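Asker: First to last, the protein sequences are chains A, B, C, D, E and F.
Just so you know, we're using this note's numbering here: the first sequence kicks off at 1 and counts up by one.
Just so you know, we're using this note's numbering here: the second sequence kicks off at 1001 and counts up by one.
Just so you know, we're using this note's numbering here: the third sequence kicks off at 2001 and counts up by one.
Just so you know, we're using this note's numbering here: the fourth sequence kicks off at 3001 and counts up by one.
Just so you know, we're using this note's numbering here: the fifth sequence kicks off at 4001 and counts up by one.
Just so you know, we're using this note's numbering here: the sixth sequence kicks off at 5001 and counts up by one.
Each residue gets a CB set at the ideal place from its N, CA and C atoms; glycine is no exception.
Everything numeric in this text was worked out from a predicted model, so none of it was measured.
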Amino acid sequence: MADESKEPKPVHVPTGDKPASSTPPVSTPSGKPADASAPAAPPKPPAPAAPKPPVVLQTPLDNEFVTRFRAKFGAALLEAMEDRKQAILIVERARLVEIALHLRDDEKFDMLSDLTAVDWPKRDRRFEVVLNVYSFAKNERLRLKVLAADAEEVPSVVGVWPTANWQEREVFDMFGIVFSGHPDLKRILLPDEWQGYPLRKDYDILQQDTAWVRENLGIESGQ
Amino acid sequence: MQSAYIPVLIYAALVMAFPAVTLVLAKFIRPASTSFGAKLKPYECGIPPESDARGRYSVRFFIVAMLFVIFDVETMFLIPWAILYKGWVAAHQGLFALVSMVLFLGILLVGYLWLYKKGALEWA
Amino acid sequence: MLPIGHYLFLSLALFIIGVIGVVTRRNVIVVLMSIELILNAVNINLVAFSRLYGDVAGQVFALFIIADAAAEAAVGLGIIIAFFRNRETVLADEMDLLKW
Amino acid sequence: MLDKILFYFFAGVAVGSAVLMVTRRNVVHSAILLITALLATAGIFLQLRAEFLFIVQIILYVGGIMVLFIFVIMLVNLDVALQQIQFARQKWVALLVALALAGQVGLMFWSSRKMPGQGLPVLTAAAAEHLPANSEEVAKSLFGSYLLPFEIASVLLLVAMIGAVVMAKKRT
Amino acid sequence: MGPQHPSTHGVLRVKLKLDGERVIGSECIIGYLHRGVEKIAENRTYQQFAPYVDRMDYVAAVSSGLGYCEAVEKLLVVEAPPRARVIRTILTELQRIASHLLWLGTHALDIGALTPLFYCFREREEILKIFEKYCGARLTTHAFRIGGLQYEAYDTLEKDVERFCKDFESRIVEYETLLTQNRIWIGRTKGVGILTAADAIAFGVTGPVLRASGVKWDIRKAMPYAAYDQYKFEIPVGTTGDTYDRYLVRMEEMRQSRLICLQAIENIPSGPIMGKVGKVLKPPPGEVYHAIEAPKGEIGYYIVSDGTVQPYRVHIRPPSFINLQAFDRMVRGHLVADVVAIIGTIDIVLGEVDR
Amino acid sequence: MSLEIGTDMNALQATNEFLRLYWAPLLCGVAVVAILPLIAGYIVLVERKIMADMQARLGPMRVGPHGLLQPIADAVKLLIKEDIIPDNADKLVFWLAPVLSVGAALLSLAGLAIGPAFQIAQDINIGILFVVGISAMGIFGIVLGGWASNSHYSLMGALRSSAQLVSYETAAGMALVSALLLTGTLNVKSIVEAQNKEGIWFVLLAPVAFFTYLVASIAETNRAPFDLPEAESELVAGYMTEFSGFRWSLYFLAEYTNMIVVASVATTLFLGGWLRPFARVPWLSFLDFAPPVLIMAIAAYCVLRVPKQPTRVQQLFMLAVAGLCFVTALVLAVPVVLPIIKPSVREAVAPFYAGIHGGFWFIFKVSVYIYLFMWLRFTLPRYRFDQLMRLGWHFLIPLSIINVLLVGVALIVGAYFHLQGWGLLLVTTPAAILALVAAFFILAVEKGHDARPDQTATSDFYVG
């Protein structure tokens, strides 16, 4: 799934608040060699970006990789798109672990760089869990997303990428998303007894667990 | 009592009295302690101690101390031997003295090697 | 040197205190310490007589006794450690098994 | 005179701390008191001009054996032991034993006072005036007349070493 | 152990499960320094948030700032002009040296060597002076702006950097004389806290820790940013992934950073220092994940824009946080004393772990 | 000795007698107790200054010129500092422990002879054993202090510290035995005299023993690289964690006194005590002038520095220091210069010469030894506890035992060939080389033993 091979093709884009657009993406400069098999090999420098003022940068994506993926998982792939030259797959929540295993073992996305979540309260599935995975063999990233409603659990990928452990805990800590199958799901940054999930959009920046603060710190407010 | 030890005794009284007296005197000099609460708790990196510190520790400490005692006894036997050794050597009995000590040390060395084999001297 | 009786009495006192300690205390460590006291009482006698007769044999004996005390303490305390590990106690009356 | 003062001082300290030692509940305090008693005994040795034994007492007994004791006290959980009753039931037996012992020795003294010349001769003997009690003398005696016991002592130490390690090591 | 402990480099609490002196399990309790940086981001404009990222890894603020600026630039689809990129590279590499120096000093101190700390601070001071001359701040520099630089390089920047680089060569040798061949140092670090390559990747570990495990991966090479594609440098890798290897890798990295600086000052292109960004930044809707090679590893910014002046969501992938996860793996089977060496070798900054 | 005191007259006489007999040791005792804390304070200052110099900084500069009054300020601060006793500490033992520590350290000084004239325990038969034995009792201060605090770190630190002490005490004892083989006496003065008679310091005759003692003494004083008990990165402050203020400073005093003690023991046994280097080589007797010249140089330096002092007080202070040095130099110079001017006084001056110059050389050697300690501290990282134990039990102890036997053999061979003095080197050097071979052999065995099994398990983390 090299960037160059991506061929923008209009696919239905039911993404919620972002309006879908058919504007072609920024001209794709040959950022990386097609097969950066050795991660050590210094890829060619990216040419300076074309000074074209882009308006909307999210385009549906359908390249060879997506086709392969679709063939294997079919309906589990809800959506494939590209945003600023980055492939994004939105997949079905229930089959996340299976897909993750496939990505790790067959597509060689062996490192999970980052796992986080975004809260879109107005959508019917408000949480978007975002996984940024990286392949040493291909020297490229892939973004994987699953959607979850308020009470829905997301399968944990700790078994696939152990590094997800703390990151999932952090997401649980901040968003209250429960990861089923996580070995030790508890708060990580906030105190264990803290009430509320601060990174949800309905949690005000000045809000705090006043009861906890009073009880444990002996002060009225941490502000 | 040998007369040489009288100054030692007086000196001993002096040195034991010195820290004790200064400790008491310092009490009058320094401001009264107003500490309370956490300041009087043992240092536990900021977390309340989870258990009494006088718990149990590795048995290796015992083994080390025990070996020390044994070797200390050995040293205590070696020292009288050492101070006589020159005389024996001068009287051409050095070899006998040496052999008797080699015998003594040899038996203990057997124990040492056994411990070494057993790994009793390993800390980890 | 004072008359030998002084030393004998001192030695006796320590010996008896040691015996009382051995018999009454439940904590085996204290029992062992009391035994050390008894050995010590013996040493006082030996040294006192050594002084009395001007013969260092008594002191040599005391030296051996101290070496012996070291060996005894090492093994005795080793037993206590082993016992404690198995039974979580250092009390004498609970040491009622020859084998565990 | 000075001799007397020193003797009574050391003897008093020894007996006092010995008594306290067997009566303290806290084992560490007991150990400290025993150290005091041993140091006082070392003082008695010094007063008896047994210099070498004085330092052996300090190095081996106080600095060696007592360290071992203190280590063991710290290794075994003290608090459990503290909560339990420290004195065994045989209190009366102990008293009896002690009394019997004291009585026996007292009788001995008493009888020896009664019948001078037939009791303990040592009570009337004068202390030897020549002073053999220095390290070299002890050493000469140790490696002269007592060479065999000295060699055997090493076997004793060997056995103690092995025994203690076998006892203390974890059985696996 | 912790949270107030001399060797945890901040407020980290480590619960250790011990078998005698041997560690059989551990749990890091973090969050004592949590400030909700990500929440703050959602309530600030893009420019306003930039200084906040300096407070995460406060000993390598320049690198964090660079990552953030580049991420937003990527989101805006603009690029900083070449001159700005070269200066960014110089400062970032100096920052890498400074960060590694601080690491070396504290790590050596943890292992009991007092003196390297002072030597390291002596050199770090020079770097901080350069920062101060450049932007007025030493620690939380806020050196870069989205789209380029705010300040033109001061006149003697090149000379200062050159002088530093010249001195620094012999200084590294000085540290190495004290440590590299030292028997005690080797005894304390060799074979301690081994992390295999497979484990390192599984734990998502990046930076020198990953490279010490033998994975030759450096974002500067793999996905070049700033001006790294113009310079020649090597990526040092270790073989066994133990503490000693991590030490060697970082030492070599300092040498390489020095080389990069020397190459960079040779030819700083002239031109503008600010790209074409408006006064008010309103990135088009969308999202971006941009990562750079910070001294401690991959620092990634995942920024979601909803088209307004404030980011909709900023997520930061802090290298310390992720690397600390591997601590448990490294520490198992070691002695308590090794824990200190291992915490030191990961090179964490709690401000970044907790955010 | 028995003094029978009958009447007042007798009592007075006895007192007189007593004072006449013991004035020197008593004075020594009072002096030691009075100035030792000061000396320890200044050792700390010197250490900080040396450390600062090695670390490219200045060190204490604020209190007094070049920080010369820093120790006094520190002492005052510590004296008036708040005294904290943790709640659940054993108060009595907490009180007793530092006193024990300091007491043992100070008491052991009694056996040392600082020059032929200054010794508290004059000519006691057990001499060096007294020093070693008493200072070994300091261990109780440590272990009881750690226990009394009732804190994990303290107790752990105390246990470690004492385990370390006892481990290295054996090695030190064996090194001692090696030296005693050469001296044949325990008496401190006789030991130095023996070195004078042989004309060679025992460090040359028993280098391996000296090395063993050096390492063991560093470990025994808890100095880097063996400062495990105070490994702040692991155990915070070891057994001293809970001690603060004056109690803490008592421990500190004990530690520095112990340094002086081990340095003095090493000086006495191996470095020729108060003897001038090459004391028996006549043509090197110009070395007698070295002490006054050295001190004079320091005085001159101080005078030179006076104009650089910023304030008047500091200038005066500097001048005072210079004056002190000058007086000391004069005192040192008198016994060597006077006989040259007036040869007839040689006999009369001899005891002064021996005492004063002996004291100087002794203190000089002790200082060098302590400087070595400091140097090592600033250079080396710290051992891990198991490595430290292994070094002690697997390396030093067998080495020192082997060395004892080798020295014994060497002496027999030496007697067979009637070797004396420097000639003994002919037999002791091969013995030392043999011991070194043994050392390398042990190290090689250790290395094979050391190959630890690979610590990392296979990746059990790919569970999925």
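On the DSSP letters alone, give me the boundaries of the beta strand (DSSP E) that A:Lys243 sits inside.
Answerer: Only positions 1 to 223 of chain A appear in this structure, which leaves residue 243 of chain A out of reach.
Asker: Give me, in chain order, the residues of the same chain whose beta-carbon lies closer than 8 angstroms to that of F:Val5409; leave out the 5 immediate sequence neighbours on both sides.
Answerer: Reading the sixth sequence from its first residue, position 409 is the one you call residue 5409 of chain F. Closer than 8 angstroms at Cβ, skipping near neighbours: Ala5431.
Asker: Leaving out five residues on either side along the sequence, give the residues of the same chain with a beta carbon under 8 angstroms from the beta carbon of D:Val3062.
Answerer: Along the fourth sequence, one-based indexing puts residue 3062 of chain D at 62. Excluding residues within five positions, the ones whose Cβ falls inside 8 angstroms are Ile3035, Leu3038, Leu3039, Ala3042.
Asker: Return the residue from the list F:Arg5160, F:Ser5151, F:Ser5101, F:Ser5178 that minimises the CA-CA distance to F:Phe5140.
Answerer: Counting from 1 along the sixth sequence, the entry for residue 5140 of chain F is found at position 140. Of the candidates F:Arg5160, F:Ser5151, F:Ser5101, F:Ser5178, the one whose C-alpha sits nearest the C-alpha of F:Phe5140 is F:Ser5101.
Asker: Leaving out five residues before and five after E:Leu4075 in sequence, what residues of the same chain have Cβ atoms less than 6 angstroms from its Cβ?
Answerer: For the purposes of this step, residue 4075 of chain E is identified with residue 75 of the fifth sequence, where counting begins at 1. Only Pro4283, Val4288, Ile4303, Ser4305 meet the Cβ criterion.
Asker: Applying the criterion that 16 or more other CB atoms from any shown protein chain within 10 Å of the CB defines a buried residue, is D:Gln3057 buried or exposed?
Answerer: The residue labelled residue 3057 of chain D in the question sits at position 57 within the fourth sequence. Buried is the call here.
Asker: Using a C-beta to C-beta distance shorter than 7 angstroms, which residues of chain D count as neighbours of F:Gly5133?
Answerer: Looking up residue 5133 of chain F in the sixth sequence gives position 133. Ile3055, Ile3058, Ile3059, Gly3063, listed in chain order.
Asker: For F:Val5281, does the count of other Cβ atoms within 10 angstroms reach 16, so buried, or fall short, so exposed?
Answerer: The residue given as residue 5281 of chain F occupies position 281 in the sixth sequence. Answer is exposed; the Cβ neighbour count stays below 16.
Asker: Please go through the segment 4180-4258 of chain E and give each complete alpha helix (DSSP H) segment of 4 or more residues, from N-terminal end onward.
Answerer: Those alpha helix (DSSP H) runs which fall completely within the segment 4180-4258 of chain E and span 4+ residues are 4183-4189, 4197-4202, 4208-4212, 4219-4222.
Asker: What residues in the segment 4023-4053 of chain E have a beta carbon less than 8 angstroms from any beta carbon of chain A?
Answerer: Listed by position, the residues of the segment 4023-4053 of chain E near chain A (Cβ gap below 8 angstroms) are Ile4030, Gly4031, His4034, Gly4036, Glu4038, Lys4039, Ile4040, Glu4042, Asn4043.
Asker: Can you tell me whether E:Gly4297 is helix, strand or coil according to DSSP?
Answerer: For the purposes of this step, residue 4297 of chain E is taken as the residue at position 297 of the fifth sequence. In the structure shown, E:Gly4297 sits in a strand (DSSP, three-state: E or B).
Asker: Step through the CB atoms of chain B and report whether any lies within less than 7 angstroms of the CB of F:Leu5027.
Answerer: One-based indexing of the sixth sequence puts residue 5027 of chain F at position 27. No - not a single Cβ of chain B is within 7 angstroms of the one on F:Leu5027.
Asker: Which one of A:Asp106, A:Arg125, A:Glu152, A:Ala76 has the shortest CA to CA distance from A:Ile90?
Answerer: As a first step, residue 90 of chain A is located in the first sequence; it is residue number 90 there, counting from the start. Of the candidates A:Asp106, A:Arg125, A:Glu152, A:Ala76, the one whose C-alpha sits nearest the C-alpha of A:Ile90 is A:Ala76.
Asker: Just list the beta strand (DSSP E) runs in the segment 4011-4066 of chain E, keeping only unbroken ones of 3 residues or longer that don't cross its boundaries, in chain order.
Answerer: Qualifying beta strand (DSSP E) stretches, in chain order: 4013-4019, 4022-4029.
Asker: Would you identify the three-state DSSP class for A:Thr28, choosing helix, strand or coil?
Answerer: Taking the first sequence and counting its residues from 1, the one referred to as residue 28 of chain A is at position 28. Note on A:Thr28: pLDDT 36, under 50, position unreliable in the model; no value is reported.
Asker: I'd like to confirm something about F:Ala5031: is its beta-carbon nearer than 6 angstroms to some heavy atom of the ligand ADP, or not?
Answerer: Questions concerning the ligand ADP fall outside what the structure shown contains, since it holds no ligand whatsoever.
Asker: Does the distance from the CB of E:Val4277 to the CB of E:Val4078 come in under 7 angstroms?
Answerer: Here residue 4277 of chain E refers to the residue found at position 277 of the fifth sequence. Here residue 4078 of chain E refers to the residue found at position 78 of the fifth sequence. Yes, the pair counts as a contact, with Cβ atoms nearer than the cut-off.
Asker: Who pairs with A:Tyr197 in a beta bridge, going by DSSP?
Answerer: Residue 197 of chain A sits at position 197 when you count from the first residue of the first sequence. According to DSSP, which records beta bridges pairwise, A:Tyr197 is partnered with nothing at all.
Asker: What does B:Val1059 touch in chain C if you count any residue whose Cβ is under 7 angstroms from its own?
Answerer: Numbered from 1 along the second sequence, position 59 holds the residue referred to as residue 1059 of chain B. By Cβ distance, chain C contributes Ile2081.
Asker: Using only CA atoms, which one of E:Ala4212, E:Thr4206, E:Val4205, E:Val4173 lies nearest to E:Thr4189?
Answerer: Counting from one through the fifth sequence, the residue named residue 4189 of chain E turns up at place 189. Nearest C-alpha to E:Thr4189: E:Ala4212.
Asker: Compare the Cα-Cα distances from B:Leu1189 to each of B:Ile1006, B:Leu1025, B:Val1059, B:Glu1074 and report the closest residue.
Answerer: Since the displayed chain B opens at 1001 and closes at 1124, residue 1189 of chain B lies outside it and no answer follows.
Asker: Within 7 angstroms (strictly less), CB to CB, does E:Ile4111 reach chain G?
Answerer: Of the chains in the structure shown, none is chain G; the protein chains are A, B, C, D, E and F.
Asker: Run the CB neighbour count on D:Gly3106, radius 10 Å, all protein chains shown included, and call it buried at 16 or more, exposed below.
Answerer: On the fourth sequence, position 106 is the one that residue 3106 of chain D refers to. Under this definition D:Gly3106 is an exposed residue.
Asker: Hey, is the segment 5106-5115 of chain F in contact with the segment 5130-5137 of chain F, meaning 3+ C-beta pairs nearer than 8 angstroms?
Answerer: Counting Cβ pairs under 8 angstroms, three or more are found: they touch.
Asker: Check whether the Cβ of E:Arg4013 lies closer than 7 angstroms to any Cβ atom in chain F.
Answerer: Here residue 4013 of chain E corresponds to residue number 13 of the fifth sequence, with the count starting at 1. So, not an interface residue.
Asker: What alpha helix (DSSP H) runs, 4 residues minimum, are completely inside the segment 5303-5367 of chain F?
Answerer: Segments of the alpha helix (DSSP H) lying fully in the segment 5303-5367 of chain F: 5312-5341.
Asker: Select from F:Lys5081, F:Lys5049, F:Thr5015 the residue whose C-alpha is nearest the C-alpha of B:Ile1029.
Answerer: Taking the first residue of the second sequence as position 1, residue 1029 of chain B is located at position 29. It is F:Lys5081 whose Cα lies nearest to the Cα of B:Ile1029.
Asker: Which residues in chain E have a C-beta closer than 8 angstroms to the C-beta of F:Arg5382? List them in chain order.
Answerer: The sequence position of residue 5382 of chain F within the sixth sequence is 382, counting from 1. Within 8 angstroms Cβ-Cβ: Ile4111, Gly4112, Ala4113, Ile4184, Arg4188.
Asker: For E:Gly4105, count the other beta carbons within 10 Å of its own beta carbon; 16 or more makes it buried, fewer makes it exposed. Which is it?
Answerer: On the fifth sequence, residue 4105 of chain E is found 105 positions in, with the first residue counted as 1. Buried.
Asker: For D:Ile3175 and chain F, any beta-carbon pair shorter than 7 angstroms?
Answerer: Past the edges of chain D, shown from 3001 to 3172, lies residue 3175 of chain D, and the structure says nothing about it.
Asker: Which residue marks the beginning of the alpha helix (DSSP H) containing F:Ser5151, and which one marks its end?
Answerer: In the sixth sequence, residue 5151 of chain F corresponds to position 151, counting from 1. Counting along the chain, F:Ser5151 falls outside any alpha helix (DSSP H), and DSSP gives it neither H nor E.
Asker: Work out the CA separation of F:Arg5346 and F:Val5331 for me, nearest whole Å.
Answerer: Within the sixth sequence, the letter at position 331 stands for residue 5331 of chain F. Within the sixth sequence, the letter at position 346 stands for residue 5346 of chain F. Taking the straight line from one Cα to the other gives about 16 angstroms.
Asker: So, is the C-beta of B:Tyr1116 closer than 7 angstroms to a C-beta in chain D?
Answerer: Walking along the second sequence from the start, residue 1116 of chain B turns up at place 116. B:Tyr1116 does not count as touching chain D.
Asker: Report the residue ranges of all alpha helix (DSSP H) runs contained in full by the segment 109-196 of chain A; include only those spanning at least 4 residues, in chain order.
Answerer: Runs found: 164-175.
Asker: Report yes or no: is there a C-beta of chain D within less than 7 angstroms of the C-beta of B:Met1016?
Answerer: Taking the second sequence and counting its residues from 1, one reaches residue 1016 of chain B at position 16. Cβ-Cβ to chain D under 7 angstroms: no for B:Met1016.
Asker: With DSSP collapsed to three states, give me the class of B:Gln1093.
Answerer: Residue mapping note: residue 1093 of chain B aligns to position 93 of the second sequence, counting from 1. In the structure shown, B:Gln1093 sits in coil (DSSP, three-state: anything other than H, G, I, E or B).
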